[in-house]
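What follows is a short report on a single structure.
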Amino acid sequence: MTSAMGTTLAKVSITTPKRGIDVALPENVPVAELLPYILRHAGEDAPDTGEQHGGWSLRRPTGELLEGRQTLAAQQVRDGEILHLVPGPVDWPEIEYDDLVEAIASGARRYGRSWGRAATRRAGLVVAAVLLSGGSLVSLLFEPPWLDAGLIMLSAAVVLTALGIVVARAVPDAYAGAVFAGSALPYAFLGGYLPTAADHQGLFGFGSSQVLLGTIALLVFGIVGYLGVGAMSRVFVAAISTGFLGALGALFAGWMDPDAAGALVLTIAIGLLPGYPWLSLRLGRVPLPALPQRSADLLKDEPHPATPAVFDAAARADELLTGFLTGAALISALASIFLAAHGGGSRLIMLILACAALLLRARLFPVPRQRIPLLVAGLWVFALLADWCFGTASGNGGIGLFLLALVVIALLVAAAGLVYSRKNPSPWFGRIADIVDVMAIVALIPFAGFITGFFAYVQGLMASIG
């Protein structure tokens, strides 16, 4: 669980001498600072009673004492745990075992769950997804005529999508259906990419028109999967986002250079990052509180929507946001390749801005499935920059300086990870990161205008008018 301000919370149940309470506690606050707030809900006489027997402490059901100077996160307190509020001096012996084998088994279970039916099901679906998605690599073995190869891939996409919808609706097993329909997406792209290519062209030598058809096919099959399956929507939303932005890039590449089209798509994908949460709330139909417009509205008691409906809407919005961010990260990584391949000062500066925007924007999304795609895309852009620097380094001295810079950056990142895993960074760092993030996103626009030749066109137009 995460609050609106990004503070990680742990939902725990605390058993007190008089009642049981369910609370959400911040994981980065020492236990000693949380106890006064817990005692307020433990009973009216809890603080006074604590003075009589030497204070209160929190223990796990096993008797393990939670240290007051450490945080919940440092002591690995997770969501759903049950804690006991007991007098501090109480003697709570550890669990005794009559059987040594049972003690060994109990200790082993602390390091992970045993393989069960749920793990078997997940393993089967993962293996099926890997095999089906990896089957799209068969396209590397195809030879002209490309029409036959494209029809084969398109037929596979149709069959897998139909199978996924049937499994999701008829069995019903929505997650298994999502595996089949999601595995159809690579086939859909290749099914649109291959058929219209000339037979004398190589597989990687096709033009923008073939890429346009492939991304449109990806977009269409993503929409069908999103509407037909009803589970793992993030996969299909990512396909929709990737197909839409990829189609824009292919359209731009029809009348401009690939690096210029990549600059435009990169600017659009990263420029929309601040708007994806709002768009997810709207498309997910999340009910939002209505702000009072006049004083009389403060006295109205408007009925609230049902709790299950709110939970469903929040889950839909979360899936949409994850898909949008994944698609934007994928398109940003692909567009950066064209900029890095062209080279030049303006392209490299744009890559630096894109890297900063992706890495800094990732910190605003606390959920790993939303943060990781942006981090991976930002690190990919950083790798492209590092590859360019390594290629332009002259002599052993230049290569040595480059390696030294990489080592220094790695040490700084490791030090920051170790330090800020124990405490929150200064609010000033967050404010500076916000400012740099916004500046990096805004700065992409003029560089995209320069790379596409828009500024030169406007300059020539104004000169002709004057």
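Reading the sequence shown from the start, the letters are residues 1151 to 1616 in my numbering. Where a beta carbon is used, it is the ideal one built from N, C-alpha and C, also for glycine.
Quick one: Cα of H1350 to Cα of P1294, how far? Approximately 8 angstroms, taken between the alpha carbons.
Rounding to the nearest angstrom, what Cα-Cα distance links A1279 and L1310 in this structure? Going from the Cα of A1279 to the Cα of L1310 covers about 11 angstroms.
task: Compare the C-alpha of G1332 against each of I1390, S1358 and L1344 and name the closest.
output: Out of I1390, S1358 and L1344, I1390 has the C-alpha closest to the C-alpha of G1332.
Check whether the Cβ atoms of V1387 and Y1376 sit closer than 8 angstroms, and answer yes or no. Their beta carbons are under 8 angstroms apart, which means V1387 touches Y1376 by this criterion.
Do the stretch 1473-1490 and the stretch 1558-1568 meet, that is, are 3 or more Cβ pairs less than 8 angstroms apart? Result no; under three Cβ-Cβ pairs closer than 8 angstroms.
- Task: Given a cut-off of 8 angstroms, decide if R1210 and L1184 are closer than it, judged by their beta-carbon atoms.
- Result: For L1184 and R1210, no; Cβs fall outside 8 angstroms.
- Of the listed residues L1368, W1296, P1167 and I1188, nearest to L1175 (C-alpha basis): Minimum Cα-Cα distance from L1175 among the listed residues L1368, W1296, P1167 and I1188 corresponds to I1188.
* Use the C-beta contact count for Y1343: other C-beta atoms within 10 angstroms, 16 or more gives buried, fewer gives exposed. => Buried is the call here.
CA-CA distance, S1621 and G1550? The requested residue 1621 does not occur in the structure, where the chain is confined to residues 1151 to 1616.
Option in W1578, L1556, S1496 and A1491 with minimal Cα separation from W1538: Residue A1491 is the option with its Cα nearest to W1538.
Between the beta-carbon of G1300 and the beta-carbon of P1336, is there less than 8 angstroms?
Result no, Cβ atoms of G1300 and P1336 do not sit closer than 8 angstroms.
Buried or exposed for E1452, please, with buried defined as at least 16 other CB atoms from any protein chain shown within 10 angstroms of its CB. E1452 counts as exposed, since fewer than 16 other beta carbons sit within 10 angstroms of its beta carbon.
ask   = For the candidate residues L1524, V1588, P1596 and W1428, whose alpha-carbon lies nearest to that of M1500?
value = Comparing Cα positions, the closest option is P1596.
Exercise for review: May I ask which residues mark the beginning and end of the beta strand (DSSP E) holding W1405?
Suggested key: W1405 -> no beta strand (DSSP E), and no H or E assigned at all.
Check your understanding: Counting along the chain, where does the alpha helix (DSSP H) carrying P1176 start and finish?
Key -> Element bounds for P1176: not the alpha helix (DSSP H) but the beta strand (DSSP E), G1170 to P1176.
Considering only their Cβ atoms, is the gap separating G1473 from S1383 smaller than 8 angstroms?
It is a contact, given that the beta carbons lie within the stated cut-off.
- Task: With DSSP collapsed to three states, give me the class of A1306.
- Result: Looking at A1306 - three-state DSSP - the assignment turns out to be helix.
* Which residue from V1227, E1177, P1455 and I1366 puts its Cα closest to that of P1437? -> Among V1227, E1177, P1455 and I1366, the Cα nearest to that of P1437 is on P1455.
Within the chosen definition, does the stretch 1459-1470 reach the stretch 1504-1514 through at least 3 CB pairs nearer than 8 angstroms?
-> By the Cβ criterion, the stretch 1459-1470 is not in contact with the stretch 1504-1514, since fewer than three pairs of Cβ atoms, one from each stretch, lie closer than 8 angstroms.
- Establish whether the CB of F1579 and some CB of chain B are separated by less than 8 angstroms. No chain B is present in this structure, which holds just one protein chain.
| What separation, rounded to the nearest whole angstrom, lies between the Cα atoms of L1291 and L1353? | Between the C-alpha atoms of L1291 and L1353 there is a straight-line separation of about 10 angstroms.
Rounded separation between F1356 and L1363 - CA only: Answer to the nearest angstrom: the Cα atoms are 11 angstroms apart.
What does the alpha-carbon distance come out to for the pair L1401 and S1289?
Roughly 24 angstroms separates the two Cα atoms.
Host alpha helix (DSSP H) of L1340 (start-end) = Per DSSP, the continuous alpha helix (DSSP H) segment holding L1340 begins and ends at A1324 to Y1343.
Quiz item: Using a Cβ-Cβ cut-off of 8 angstroms (strictly less than) and excluding sequence neighbours within five positions of T1152, which residues of its own chain qualify?
Solution: Unreliable placement is indicated for T1152, whose pLDDT of 44 sits below 50; no coordinate value is reported for it.
How long is the line joining the alpha carbons of V1321 and L1297, rounded to whole angstroms? If you take the alpha carbons of V1321 and L1297, they lie about 35 angstroms apart.
* Out of A1533, A1506, L1535 and T1602, point me to the one whose CA is closest to V1586's CA. => The shortest Cα separation from V1586 among A1533, A1506, L1535 and T1602 belongs to A1506.
Task: Helix, strand or coil at R1572 according to DSSP, with G and I counted as helix - done: If DSSP states are grouped into helix, strand and coil, R1572 belongs with coil.
- Is there contact between the stretch 1410-1425 and the stretch 1366-1376, where contact requires at least three CB pairs shorter than 8 angstroms? Contact fails: fewer than three Cβ-Cβ distances are below 8 angstroms.
Which of the three DSSP states is assigned to H1492 in this structure?
Under the three-state reduction of DSSP, H1492 is assigned to helix.
With a threshold of 7 angstroms on Cβ separation, who are the neighbours of M1155 within its own chain once the five nearest residues in sequence on each side are excluded?
Confidence at M1155 is low in this model, with a pLDDT of 43, below 50, so the placement of that residue should be treated as unreliable; the coordinate-derived value is given next. Closer than 7 angstroms at the Cβ level, and outside the excluded window around M1155, lies no residue.
Q | Alpha-carbon to alpha-carbon, L1395 and A1381 | A | Taking the straight line from one Cα to the other gives about 23 angstroms.
Suppose you measure from the CA of I1164 to the CA of V1236; what does that come to, to the nearest Å?
If you draw a straight line from the Cα of I1164 to the Cα of V1236, it comes to about 10 angstroms.
Distance, M1589 Cα to G1548 Cα:
Linking G1548 to M1589 through their CA atoms gives a straight-line distance of about 31 angstroms.
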